[in-house]
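Read the structure below first, then the notes.
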Amino acid sequence: MAEFRVCPDSGFYFHKSAESLMKVNAVVGIVALLVAGLLALGVVLTRWQEVHWLPADTFYMVLTAHGINALIFWIIFFEMAVLHFASSTLLRCRIATPKWAWAGFFLMLIGAVMNNVAVFSGASSVMMTSYVPMQAEPHFYLGIILFAVGALIQVFVFFGTLVVAQQEKTYDGSVPLVTFGAITAAIIAVFTIASGAIILIPTFLWSIGYVSHIDAEMYRVIWWGLGHSSQQINVAAHISIWYLVAGVLFGARPMSEKVSRFAFLLYIFFLQLASAHHILVDPGISTEWKIFNTSYAMYLAVLASMIHGLTIPGAIEVAQRGKGYTKGLFEWLRKAPWGNPVWSGVAISVVTFGFIGGITGVVMGTEQINLIIHNTIYVPAHFHATVVTGTTLTFMAITYLLIPVLFRRQLFLPWVAKMQPYVFGGGMTILILFMLGAGTMGVSRRHWDMDFAGAAMAFEYPAIAYTLMAVGAIGGVLGVVGGGMFLAVAVGSLLFGKKLEPSAGILESFAGKPLAASVYNIDKPEVLAMAPKLKEEHHKGFEAPGTFILAMLLLVTFVVYYFINWKYLASVWPLG
Amino acid sequence: MTSFMPPADRNWWKVPVGRQELIWIAIALVWCIIMFLMMPLWHVYGKQNLSTEAYQTTPAKFGAKVEEMIGKYKVGEEAGLPIVAPPVGSDVYMLGRLWQWYPILKLKKNKEYRLHLSSMDWQHGWSLQPDNINLQIVPGYDMVLKITPDKSGEYSVICNEYCGIGHHTMVGKIYVEE
Ligand code: HEM
Ligand SMILES: [Cu+2]
Ligand SMILES: [Cu+2]
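Top to bottom, those sequences are chains B and G. Quick note: the first sequence uses our numbering, first residue 223, plus one each step. Quick note: the second sequence uses our numbering, first residue 12, plus one each step.
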């Protein structure tokens with residue numbers, strides 16, 4: 223039975239069932255992003271003190287829903303699509319047990335809806351961390367649990383597909399680097415979901431009265447096994463996509479397969495253990511464990527990210543130089559396709575993730591420095607640089623690549639798409655930088671009122687803190703506009719984009735129906751061959767000098783900013 | 012081209028790594044080691060190191076200690092809260108609850124105190140402003156740290172862990188006198 227089609231434009235093979243699953247997971251993810259983006263407007267327009275839009279109870283409800291829909295539902299649905307792509311499409315293999323994958327998808331959908339119902343009913347405004355003993359309604363936890371089980375099922379289908387590919391010998395040699403990165407993400411996902419189950423199932427039982435007490439500190443330690451390592455899924459996933467885009471747009475080959483794969487392995491071994499940086503100022507956590515966990519575990523993962531930070535731009539530089547862009551240090555970069563949102567999205571993502579997200583994350587994850595940062599607005603600023611301008615922007619960029627290939631439509635409003643990464647990335651970067659500043663002044667996260675209206679005793683932030691929050695909020699509004707531009711292009715393309723042959727209609731796009739049966743006319747795709755060998759070994763000098771300079775710039779920024787924070791720490795009350 | 016194709020070399024793990032990558036990995040590794048060393052070094056030479064002293068407790072037990080201290084050392088009242096000036100070096104208590112930090116403390120500059128913190132109900136964030144020291148306050152745990160206020164003046168303690176609808180009204184005070 224012929225079940226494969228080959229995309230005439232990109233050469234990617236799609237297995238019928240896998241294709242449908244990629245579409246529905248991506249579409250539902252994008253709907254979650256739409257919800258989260260609308261809610262983000264409520265969040266920033268309230269935190270902008272001069273506007274102070276929503277009342278307190280609505281604000282906390284909206285913030286809870288924003289965090290969950292964005293961080294959990296948008297990102298994980300989309301990641302399921304990425305996993306199916308990295309296994310079935312890249313390995314040219316049929317997807318294993320598509321029925322199970324559909325079951326997983328529907329469980330996720332039911333869970334996501336159930337959780338949103340709980341949150342929007344107003345009695346579950348507990349934030350995405352749902353720290354006990356503050357209690358949400360039972361279906362808040364149940365929704366997350368169902369969602370997680372569904373995700374786990376789809377992850378196992380991914381592993382099953384890898385096994386099928388190997389047994390049916392659909393590829394020669396080792397799996398491609400992008401697939402390797404996806405495997406990393408999937409392995410971490412299993413660990414993550416296990417931690418989630420260990421803590422959320424008892425919490426659910428507690429919410430319906432079967433368990434009488436959950437220790438609040440134990441909850442934090444285990445919850446962050448979930449909360450932290452799930453971020454490593456995102457990192458592994460978006461870095462895989464960076465490699466993919468480098469390959470698709472530039473024909474870049476990894477500088478060294480060994481180094482890049484080793485760096486992914488470091489994520490598996492270390493990053494997911496490194497959850498202590500969320501509990502550095504909690505009661506009674508031992509110093510040795512904190513230092514071990516934030517350095518041995520975390521810094522080896524930081525090392526891995528620094529490696530990818532060199533090898534991805536480096537691979538692109540080598541490829542560009544090979545095409546003759548050899549003038550000076552940076553001609554290769556200037557001549558990159560800056561008008562193509564796939565590239566500009568990824569480029570902005572690499573820079574903001576590395577320079578802002580990476581550096582701030584390591585700084586605030588330092589045992590003692592966390593004292594001056596914990597729970598300030600600095601923290602959300604940091605992770606918007608990682609999960610928003612990092613992961614989300616990367617997923618947006620790859621969506622532009624996939625709309626013609628997977629959904630068989632041309633981009634709708636291409637000029638909007640062209641500007642979108644700049645508007646979204648730029649706006650969010652403003653939000654991030656100014657909230658980092660406000661956090662340094664002690665402005666609290668998850669806080670409705672900087673004026674402390676109604677408090678028995680007054681406290682006033684310095685005026686500059688208000689300015690920082692206001693400018694940040696303006697950047698945030700710009701970010702929401704950029705998010706809207708993405709949605710207009712993505713949804714608009716599926717509805718109104720010019721159809722490509724073989725073409726897809728609305729049901730094929732939104733409901734994940736396959737294309738016309740006759741399109742799937744390939745029984746067995748050609749075996750995926752190994753990449754062609756390079757003619758000469760050129761591993762002698764500095765192949766990517768421009769990248770090296772950029773990497774050194776990152777390092778210098780890192781070092782300077784790191785020690786500034788120690789200096790700031792030294793100025794506060796001695797304590798021990 | 013090859014990031015989504017199997018590596019060109021079947022034995023890719025035997026292909027030697029380029030000089031540029033090796034140098035970068037070495038530099039990055041050295042930086043990671045420096046960052047690691049900074050933490051233990053700060054324990055030796057730095058003055059801001061969070062203690063690990065903590066005890067399991069209950070709201071009733073902790074509340075009783077707080078009241079005992081207030082009974083002995085109360086020196087006044089402000090906004091309906093007692094102001095307490097405990098002796099230098101003694102055990103000093105502050106509790107977080109919906110929605111206040113209780114009581115108000117009056118401390119002496121450059122003197123050390125053993126500060127006990129706990130929550131009576133949900134989690135709270137003890138955030139000393141404008142110095143910007145932030146601690147997570149967890150119910151069931153008595154967190155003990157030695158503090159030495161080194162500047163005189165009026166400090167506020169705000170709450171920076173979300174604790175419900177009155178979260179933003181949770182403002183406490185610490186006075187530091189010469
Ligand atoms: C579209 C533009 C966005 C804007 C303007 C925005 C703005 C904000 C702001 C200002 C906060 C902090 C509020 C506070 O702590 O008081 C926040 C929290 C948060 N945001 Fe966003 N955000 C955006 C998109 C996203 C996306 C795409 C993600 C995830 C991929 C995300 C994930 C989160 C999370 C997890 C929180 C923390 C919620 C909590 O504290 O429980 N945001 N957002
Ligand atoms: Cu983390
Ligand atoms: Cu609070």
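Idealized CB from N, CA, C, for every residue including glycine. All figures in this text were calculated on a predicted structure; none of them were measured in a lab.
Quiz item: Do the CB positions of residue 403/B and residue 490/B come within less than 8 Å of each other?
Solution: It is not a contact, given that the beta carbons lie outside the stated cut-off.
Quiz item: For residue 4/G, does the three-state DSSP call read helix, strand or coil?
Solution: The first residue shown for chain G is 12 and the last is 189, placing residue 4/G beyond what the model contains.
Quiz item: Is there at least one non-hydrogen atom of ligand 3 closer than 7 Å to the beta-carbon of residue 173/G?
Solution: Relative to ligand 3, residue 173/G has its C-beta within less than 7 Å of a heavy atom.
Quiz prompt | Closer than 9 Å at the beta carbon, the chain G residues around residue 282/B | solution = Against chain G, the beta carbon of residue 282/B has neighbours under 9 Å at 173, 175, 176 and 178, listed in chain order.
Quiz item: Can the beta-carbon of residue 667/B be found less than 8 Å from the beta-carbon of residue 598/B?
Solution: In this structure, residue 598/B lies closer than 8 Å to residue 667/B by Cβ.
Quiz prompt | Inter-stretch contact at 8 Å, needing at least 3 Cβ pairs: the segment 500-516 of chain B / the segment 141-153 of chain G | solution = Short answer: they touch.
Quiz item: Taking all protein chains shown into account, do 16 or more other C-beta atoms lie within 10 angstroms of the C-beta of residue 577/B, making it buried, or fewer, making it exposed?
Solution: Buried, because 16 or more other Cβ atoms sit within 10 Å of the Cβ of residue 577/B.
Quiz item: Does any CB atom of chain G fall closer than 8 Å to the CB of residue 463/B?
Solution: With 8 Å as the cut-off, residue 463/B does not count as an interface residue toward chain G.
Quiz item: Would you call the segment 318-338 of chain B and the segment 362-380 of chain B touching, i.e. three or more CB-CB distances under 8 Å?
Solution: Touching, yes.
Quiz prompt | Within-8 Å CB hit, residue 152/G to chain B | solution = Residue 152/G counts as touching chain B.
Self-check item: Near ligand 3: residue 136/G beta-carbon under 7 Å from a heavy atom
Solution: Yes, the beta carbon of residue 136/G sits closer than 7 Å to at least one heavy atom of ligand 3.
Quiz item: With a cut-off of 8 Å, does the C-beta of residue 714/B fall near any C-beta of chain G?
Solution: It does not: the Cβ of residue 714/B has no partner Cβ on chain G nearer than 8 Å.
Quiz prompt | Closer than 5 Å: residues whose CB approaches a heavy atom of ligand 1 | solution = That gives 259/B, 262/B, 265/B, 266/B, 289/B, 292/B, 293/B, 349/B, 350/B, 602/B, 609/B, 610/B, 614/B, 667/B, 668/B, 698/B, 701/B, 702/B and 705/B.
Quiz prompt | Cβ-based contacts, 9 Å cut-off: residues of the segment 87-118 of chain G near chain B | solution = Listed by position along the chain: 89, 90, 91, 92, 110, 111 and 115.
Quiz item: Is the Cβ-Cβ distance between residue 586/B and residue 708/B less than 8 Å?
Solution: Result no, Cβ atoms of residue 586/B and residue 708/B do not sit closer than 8 Å.
Quiz item: Can you give the beta carbon distance from residue 411/B to residue 455/B, rounded, assuming they're within the 8 Å contact cut?
Solution: Beta-carbon to beta-carbon, residue 411/B and residue 455/B are separated by about 5 Å, close enough to satisfy the 8 Å threshold.
Practice problem: Would you check whether ligand 3 has a heavy atom nearer than 7 Å to the C-beta of residue 596/B? | Solution: Because no heavy atom of ligand 3 lies under 7 Å away, the Cβ of residue 596/B does not count as near it: no.
Exercise. Please name the residue, chosen from 500/B, 226/B and 316/B, that lies closest to residue 383/B on a Cα-to-Cα basis.
Key: Of the listed residues, the one whose Cα sits closest to residue 383/B is 316/B.
Quiz item: With a Cβ-Cβ cutoff of 8 Å, do residue 91/G and residue 678/B count as a contact?
Solution: Yes. Within cutoff.
Quiz item: residue 658/B to residue 447/B, Cα distance in whole Å?
Solution: In a straight line, the C-alpha of residue 658/B is about 25 Å away from that of residue 447/B.
Self-check item: Endpoints, beta strand (DSSP E) assigned at residue 125/G
Solution: That run of the beta strand (DSSP E) goes 124-130.
Quiz prompt | Beta-carbon gap between residue 611/B and residue 647/B smaller than 8 Å | solution = Against a cut-off of 8 Å, the Cβ pair of residue 647/B and residue 611/B comes out as a contact.
Exercise. For residue 47/G, return the contacting residues in chain B, with the cut-off set at a CB-CB distance below 8 Å.
Key: For residue 47/G, the residues of chain B that pass the 8 Å Cβ criterion are 513, 517, 518 and 521, in the order they occur in the chain.
Practice problem: Starting from the beta carbon of residue 588/B, find every residue of chain G whose beta carbon is closer than 8 Å, and list them in chain order. | Solution: Against chain G, the beta carbon of residue 588/B has neighbours under 8 Å at 46, 49 and 50, listed in chain order.
Practice problem: Compare the C-beta of residue 369/B with all C-beta atoms of chain G and state if any pair is closer than 8 Å. | Solution: So no, residue 369/B is outside the interface.
Quiz item: Under a Cβ-count criterion, where at least 16 other Cβ atoms within 10 Å of its own Cβ denotes burial, should residue 221/G be classed as buried or exposed?
Solution: In the structure displayed, chain G extends from 12 to 189; residue 221/G sits before or after that span and is not available.
Self-check item: residue 356/B CB to nearest heavy atom of ligand 3 below 7 Å
Solution: No - ligand 3 has no heavy atom lying nearer than 7 Å to the Cβ of residue 356/B.
Self-check item: Proximity winner among 773/B, 744/B, 691/B and 747/B, relative to residue 266/B (alpha-carbon distances)
Solution: Closest by C-alpha distance to residue 266/B, out of 773/B, 744/B, 691/B and 747/B, is 691/B.
Quiz item: Taking Cβ-Cβ distances shorter than 7 Å, what residues in chain G pair up with residue 504/B?
Solution: For residue 504/B, the chain G residues whose Cβ falls inside 7 Å of its Cβ are 147 and 149, in order along the chain.
Quiz item: Ends of the beta strand (DSSP E) at residue 335/B?
Solution: If you look at residue 335/B, you'll find it isn't in any beta strand (DSSP E); it sits in the alpha helix (DSSP H) that goes 320-342.
Self-check item: First through last residue of the beta strand (DSSP E) which encompasses residue 439/B
Solution: Residue range 438-472 is occupied by the alpha helix (DSSP H) that includes residue 439/B, with no beta strand (DSSP E) assigned at that position.
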